[in-house]
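> The structure follows.
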Amino acid sequence: MRGGNIVLPSSNKNWYVVGHGKLPTDIPTAKFLDIVLIGLEIDPNTDLIVNAYCTLYTPLARNMIRKMMIGYNISSQAEEIIKQIETRFHAASQRAIIVAFKNACINYSKAKQKQLNK
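Counting in my numbering, the sequence shown runs from -3 upward without gaps.
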């Protein structure tokens, strides 16, 4: 199941990847944070995002982002996640969230390639 309060089964073999994006300086959150981080727990065998976290200030915003990512395949459904953020998350931090997610995708891809080259 995707999103919601459901966390997909976790494994001690899952990977943790992080991406970051710079927040606009003219928003209230910028008083506390310069960047937003997206942390993803991913099953490397299926590429499914099994848990997600972001450093947005409010719990509601963090939960919304989390629900948009859990259950999706980071390798084949990244664009779908980005479209959801663009469609459903209407806040000044939207662009920073997308940049952070794209950065996490790149970091995951690099880690995956590194494993394949071993």
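C-beta: ideal position from N, C-alpha, C; glycine also.
#1: Excluding the five sequence neighbours on either side, which residues of its own chain have a C-beta within less than 7 Å of the C-beta of ILE31, listed in chain order?
#2: If you draw a straight line from the alpha carbon of ASN10 to that of THR42, how long is it in whole angstroms?
#3: Where LYS98 and LYS114 are concerned, what is the direct C-alpha to C-alpha distance, given to the nearest angstrom?
#4: Is the region 47 to 54 in contact with the region 76 to 84, if contact means three or more CB pairs nearer than 8 Å?
#5: What number of angstroms, rounded off, separates the C-alpha of ASN69 from the C-alpha of GLU37?
#6: According to DSSP, simplified to helix, strand and coil, what is LEU33?
#7: Could you tell me which residues DSSP pairs with GLY67 in its beta bridges?
#8: Could you tell me which of GLY35, ILE23 and ASP22 sits nearest to ILE12, measuring between CA atoms?
Let's see:
#1: HIS16, GLY17, LYS18 and LEU19
#2: 10 Å
#3: 25 Å
#4: no
#5: 12 Å
#6: strand
#7: In the DSSP output, where bridge partners are listed per residue, GLY67 has none listed.
#8: Note on residue identity: the sequence assigns Tyr, not Ile, to residue 12. If we check each option's Cα against that of TYR12, GLY35 comes out closest.
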